[in-house]
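Here the protein sequences come in this chain order: A and B. Using full-length UniProt numbering, the first residue of the first sequence is number 1, and each one after it goes up by one. Using full-length UniProt numbering, the first residue of the second sequence is number 1, and each one after it goes up by one. Report on the following structure.
Number of protein chains: 2
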Amino acid sequence: MTLPEAKDLSHLLSAEAASRKSSPLKSAFKYYGLPGMTFLGGGLPLSDYFPFDKISADIPTAPFKNGIGAQVTKEDKTVVEVFKKRELNDPAIKDIELSRSLQYGYTEGAVELISFLKEHTEMVHKPKYSDWNLISSVGNTQSWDATLRTFCTRGDNILVEEYSFSSALETVHAQGINTIPVCMDAEGIIPSSLAKQLDEWVGFNKPKLLYTICTGQNPTGSSLTAARRREIYEIACKHDLIVVEDEPYYFLQMEAYTTDLEKRNQRHVHSHEEFLKAMVPSYLSLDTEGRVIRLDSFSKVLAPGLRFGWIVGQEQLLERYIRLHEVSIQCPSGVTQSLTNGLLQRWGQSGYLDWLIGLRSEYTHKRDVAIDAVSKYFPTEVTEFVPPVAGMFFTTAFDASKHPKFEEFGKDPLKVENSIYERGLEEGCLMIPGSWFKVEGESNPPQPKVPTTTNPNLIFFRGTYAAVPLDALEHGLEKFGKAVKLEFGL
Amino acid sequence: MTLPEAKDLSHLLSAEAASRKSSPLKSAFKYYGLPGMTFLGGGLPLSDYFPFDKISADIPTAPFKNGIGAQVTKEDKTVVEVFKKRELNDPAIKDIELSRSLQYGYTEGAVELISFLKEHTEMVHKPKYSDWNLISSVGNTQSWDATLRTFCTRGDNILVEEYSFSSALETVHAQGINTIPVCMDAEGIIPSSLAKQLDEWVGFNKPKLLYTICTGQNPTGSSLTAARRREIYEIACKHDLIVVEDEPYYFLQMEAYTTDLEKRNQRHVHSHEEFLKAMVPSYLSLDTEGRVIRLDSFSKVLAPGLRFGWIVGQEQLLERYIRLHEVSIQCPSGVTQSLTNGLLQRWGQSGYLDWLIGLRSEYTHKRDVAIDAVSKYFPTEVTEFVPPVAGMFFTTAFDASKHPKFEEFGKDPLKVENSIYERGLEEGCLMIPGSWFKVEGESNPPQPKVPTTTNPNLIFFRGTYAAVPLDALEHGLEKFGKAVKLEFGL
Chain A
1 MTLPEAKDLS
11 HLLSAEAASR
21 KSSPLKSAFK
31 YYGLPGMTFL
41 GGGLPLSDYF
51 PFDKISADIP
61 TAPFKNGIGA
71 QVTKEDKTVV
81 EVFKKRELND
91 PAIKDIELSR
101 SLQYGYTEGA
111 VELISFLKEH
121 TEMVHKPKYS
131 DWNLISSVGN
141 TQSWDATLRT
151 FCTRGDNILV
161 EEYSFSSALE
171 TVHAQGINTI
181 PVCMDAEGII
191 PSSLAKQLDE
201 WVGFNKPKLL
211 YTICTGQNPT
221 GSSLTAARRR
231 EIYEIACKHD
241 LIVVEDEPYY
251 FLQMEAYTTD
261 LEKRNQRHVH
271 SHEEFLKAMV
281 PSYLSLDTEG
291 RVIRLDSFSK
301 VLAPGLRFGW
311 IVGQEQLLER
321 YIRLHEVSIQ
331 CPSGVTQSLT
341 NGLLQRWGQS
351 GYLDWLIGLR
361 SEYTHKRDVA
371 IDAVSKYFPT
381 EVTEFVPPVA
391 GMFFTTAFDA
401 SKHPKFEEFG
411 KDPLKVENSI
421 YERGLEEGCL
431 MIPGSWFKVE
441 GESNPPQPKV
451 PTTTNPNLIF
461 FRGTYAAVPL
471 DALEHGLEKF
481 GKAVKLEFGL
Chain B
1 MTLPEAKDLS
11 HLLSAEAASR
21 KSSPLKSAFK
31 YYGLPGMTFL
41 GGGLPLSDYF
51 PFDKISADIP
61 TAPFKNGIGA
71 QVTKEDKTVV
81 EVFKKRELND
91 PAIKDIELSR
101 SLQYGYTEGA
111 VELISFLKEH
121 TEMVHKPKYS
131 DWNLISSVGN
141 TQSWDATLRT
151 FCTRGDNILV
161 EEYSFSSALE
171 TVHAQGINTI
181 PVCMDAEGII
191 PSSLAKQLDE
201 WVGFNKPKLL
211 YTICTGQNPT
221 GSSLTAARRR
231 EIYEIACKHD
241 LIVVEDEPYY
251 FLQMEAYTTD
261 LEKRNQRHVH
271 SHEEFLKAMV
281 PSYLSLDTEG
291 RVIRLDSFSK
301 VLAPGLRFGW
311 IVGQEQLLER
321 YIRLHEVSIQ
331 CPSGVTQSLT
341 NGLLQRWGQS
351 GYLDWLIGLR
361 SEYTHKRDVA
371 IDAVSKYFPT
381 EVTEFVPPVA
391 GMFFTTAFDA
401 SKHPKFEEFG
411 KDPLKVENSI
421 YERGLEEGCL
431 MIPGSWFKVE
441 GESNPPQPKV
451 PTTTNPNLIF
461 FRGTYAAVPL
471 DALEHGLEKF
481 GKAVKLEFGL
């Protein structure tokens, strides 16, 4: 089957991105390495002067039979060794020798690592158009910054979930770009609400980009269903939107929550196929026009400090990112690339899936402990929650109007929220007030109000089960539950 | 002696930089790690799931008695080992354990590495005001991008050397910022010319920033004398300019070129003090007001692929960079930080100076070979050159009016330049035409012309002695010399 090509979306580029030129020096580089040609063109240091002769790493051996968090022992240890000189590396393994990874390099990322990730992407997302590509970044935060520079100009409006990651919003606001919130419910963006907003848009400066953390959303913990993704993608096509899916938590999808302990023990994926099938379809997998920009990262699945992410989208748009990266970050760390590629080449695609399955199992268990504790310690009379199916976050919501001081607080739900936050601190547990993630922003001229069915007195708190040992997690939630009871006089 | 504080220069910030806010989540982080507090605030993965248990590197042992390019052998090898768990690391060495470097981290850079670089900066530059600081970046290209975002807005004018690094210019132009060239001679920027330009500036939008590669300039190979630096710094103070010194080549300063072989063998620095004294004073070292932003990097002294640079300047301005980095690059790679810090801690300040002295010696030798070959193979009748005292580049200049086809080419020096470039390629040696680095740009309204004493028919080519083995370098220059002779009919 031949796949169609992406649509030409170059009209959506920012002035900055459209104006980027290739370096004139590039035209000289075609002579580099030609037989008989002495190339005195580039200011590259000789690799003889790189003070790293070999780097190595101890990593666990796939398929991680004792779990991914188990201590690495002599028996199940794999050693990644990467030498400076190409000829010293194992010819059977596609390593990135240090003389290359530590030199000025390919802005797109080293070919071995990028090939691995492309194969992985093909396996997981099966893109539906032919000219998609994948380039490296130094993590999703930077990918998002680069995305804004590529599509937006000061004064533009973009669409974001009505609660969103505050750091991602700050990236937007400092660039003088305005955020227009899109209504959400417990499952994420409400498609009909988004459609209405765009259909009834007043004035020029209509948003051309939707930013969404659709799986394990930060801060709400919600995950968008496949059906909603399809609806939203259709809306994006109709209104010529770029869809940016920021998906660091995609592989932290879990088994459904159940209180039935017997069922709980039976839940798990049995094979790579089952695992891949259990994944919610990404926007990338639905994209036929090349209007999805997918931001992916090792931060939540291997380690944040690697500072390695990747961007998937149509080639023609990614070329503009490469021009930007050439004159900003250049490329991710070569040490990161040699070691991470070394790890992936030794695990193989299959071992990497084993690792991701291991993560799924760990996060499922953590989520279970958190939700069990919320059920046990929080007062059911006032607490609402939806067990998350992906990500690091869960939320607990309360009807502020049931708070004894609601009248005294002038019926301001935010005052109730703050009172609970403070009481939580007194009892010794910190969860983040939902209002801290609330997206503010109105276009000029203002748009018609989109009706919402959400209870305006509903407040919520974001907690994480990712960062704390399980006993501390349970104890913390006991304390927060007590704070809530005290607040509501229960 | 108590040093004065930097001047408040916050009026020079860009709209983007001035508007950056701290994340509201920061206010919660003060509760992190408090006794009795369960912190469910942050989405950090547990370090148990980082698949790197230990990383290590083989590095040469200071003081590098066989030279810095020598093959590392068993006898003079040092092994850097950094474990995930803090308690497994050697307590006598200030390593950055992987559980920290691979976690979300300090945007400023890991404290051990930053402290080392601050101590080094104090030793080399001895800043003259008290509240200077140093933060990490992912290399000078990104530091320069961040600097532009911090001080400039679309439509601004900035001052740059009339020939400059094309990639740095592209960073400027894509942001919609205009470059105003400053006249240079063989020693770099001509201070009187700069003064005249600013004194006679017409209209608003006067430049507020000077970008300069003052040591081993790219592409001219020139190095600015201490006297000129002082003059230019005074001009910057008078006209309220930020001075950005982009100094990747600062430690590629060399011994003076001499054809006297006996003298040549006697030249070298004998001690750390002599070495430090031989360095040309940086703008940072002259700065009393905190208006210098210094961009430094490991790219030319250790390896480009580390993607680690640092920015030195007054604390109040660097705080704005940190806010930018928090929502873009976050921080340099933790693998890079753990290994590079591991190397530096094992070498110590003294060993690092030994390494830099080794580099000085290597580059002096390479430069000598290049200049010897130019003297030997290029026709003296038409060739002008100044042996560089720093950096990776040398230039050879020619009077285009002496070219036999000058009249036929319509007296266009660029046609002569291109003809020589093409002939070089035919003979098998590529050097980059100087005009490729020429800065274009005029302000609106246009400024009065600054008179220049430079011969308008002088064209030049940039070569490098950094990237090629010495025999190939000599052979290449023989070929290019032949091309020049053929072109000029000599």
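Note that CB positions come from ideal geometry on N, CA and C, so glycine has one too.
Among the options, the one whose alpha carbon lies nearest that of residue i
{"i": "A:Lys479", "options": "A:Gln349, A:Cys429, A:Ala466 and A:Gly441", "result": "A:Cys429"}
{"i": "A:Arg360", "options": "A:Ser27, A:Phe29, A:Ser443 and A:Gly67", "result": "A:Gly67"}
{"i": "B:Ala308", "options": "B:Phe488, B:Glu422 and B:Leu113", "result": "It is worth fixing the name first, because residue 308 of chain B is Phe in this sequence and not Ala. Here the closest residue by C-alpha is B:Leu113."}
{"i": "B:Lys94", "options": "B:Gln197, B:Tyr104, B:Ser115 and B:Val79", "result": "B:Ser115"}
{"i": "A:Pro45", "options": "B:Gly69, B:Pro35 and B:Gly41", "result": "B:Gly69"}
{"i": "B:Leu324", "options": "B:Leu88, B:Tyr32, B:Lys26 and B:Asp145", "result": "B:Asp145"}
{"i": "A:Leu295", "options": "A:Leu486, A:Val138 and A:Ile329", "result": "A:Val138"}
{"i": "B:Ser282", "options": "B:Thr107, B:Ala174 and B:His125", "result": "B:His125"}
{"i": "A:Ala472", "options": "A:Arg462, A:Pro404 and A:Ala370", "result": "A:Ala370"}
{"i": "A:Arg230", "options": "A:Pro451, A:Val243 and A:Leu306", "result": "A:Val243"}
{"i": "A:Asp240", "options": "A:Asp199, A:Thr220 and A:Glu274", "result": "A:Asp199"}
{"i": "A:Asn157", "options": "A:Phe151, A:Lys206 and A:Asn133", "result": "A:Lys206"}
{"i": "B:Ile213", "options": "B:Glu234, B:Asp8, B:Asn140 and B:Lys30", "result": "B:Asn140"}
{"i": "A:Ala226", "options": "A:Val79, A:Leu284 and A:Leu425", "result": "A:Leu284"}
{"i": "A:Asp354", "options": "A:Leu148, A:Pro63, A:Arg320 and A:Ser10", "result": "A:Pro63"}
{"i": "B:Gly348", "options": "B:His11, B:Thr61, B:Ser10 and B:Ala28", "result": "B:Thr61"}
CB of residue i within 9 Å of CB of residue j, strictly
{"i": "A:Lys77", "j": "B:Asp53", "result": "yes"}
{"i": "B:Asn457", "j": "B:Pro413", "result": "yes"}
{"i": "A:Phe251", "j": "B:Ala467", "result": "no"}
{"i": "B:Phe385", "j": "B:Phe393", "result": "no"}
{"i": "B:Ser99", "j": "B:Lys84", "result": "yes"}
{"i": "B:Leu210", "j": "B:Val269", "result": "no"}
{"i": "B:Thr259", "j": "B:Glu440", "result": "no"}
{"i": "A:Ser192", "j": "A:Val182", "result": "no"}
{"i": "A:Pro445", "j": "B:Ala303", "result": "no"}
{"i": "B:Pro404", "j": "B:Gly290", "result": "no"}
{"i": "B:Gly334", "j": "B:Gly105", "result": "yes"}
{"i": "B:Gln142", "j": "A:Gln330", "result": "yes"}
Beta-ladder partner(s) of residue i, from DSSP
{"i": "A:Tyr211", "result": "A:Val160 and A:Val244"}
{"i": "A:Val80", "result": "A:Ala57"}
{"i": "B:Gln253", "result": "B:Ala390"}
{"i": "A:Pro181", "result": "A:Val160"}
{"i": "B:Phe39", "result": "A:Leu430"}
{"i": "B:Thr395", "result": "B:Arg462"}
{"i": "A:Arg294", "result": "A:Glu245 and A:Val312"}
{"i": "B:Lys411", "result": "For B:Lys411, which the question treats as bridged, DSSP gives no partner whatsoever."}
Cβ-based neighbour list, residue i, same chain, cut-off 8 Å, excluding 5 preceding and 5 following
{"i": "A:Asp368", "result": "Tyr257 and Arg264"}
{"i": "A:Thr383", "result": "Val374, Thr396, Ala397, Phe398 and Val484"}
{"i": "A:Thr2", "result": "Ser130"}
{"i": "B:Lys300", "result": "Pro248, Tyr249, Phe251, Leu252 and Met392"}
{"i": "B:Cys237", "result": "Glu289 and Arg291"}
{"i": "B:Glu426", "result": "Ala483"}
Check: residue i C-beta below 8 Å from any heavy atom of the ligand HEM
{"i": "B:Lys405", "result": "The ligand content of the structure shown is nil, which means the ligand HEM is not present either."}
7 Å Cβ shell around residue i - same chain, five flanking residues per side excluded
{"i": "A:Ser166", "result": "Trp436 and Phe437"}
{"i": "B:Ala390", "result": "Thr215, Gly216, Ser223, Tyr249, Leu252, Gln253 and Met254"}
{"i": "A:Lys415", "result": "Phe409"}
{"i": "B:Thr464", "result": "Met392 and Phe393"}
{"i": "A:Leu88", "result": "none"}
Residues of its chain near residue i, where Cβ-Cβ distance is below 6 Å and the 5 sequence neighbours each way are ignored
{"i": "A:Thr171", "result": "Trp144 and Asp145"}
{"i": "A:Thr153", "result": "Ser14 and Ala15"}
is_contact[residue i, chain C] using C-beta, thresh 9 Å
{"i": "A:Ala15", "result": "Protein chains A and B are contained in the structure displayed, whereas chain C is not."}
* Report the residue ranges of all alpha helix (DSSP H) runs contained in full by the segment 82-147 of chain B; include only those spanning at least 4 residues, in chain order. => 98-101 and 111-125
* If you scan the segment 297-330 of chain A from start to end, which runs of the beta strand (DSSP E) of 3 or more residues do you find wholly inside it? -> 309-314
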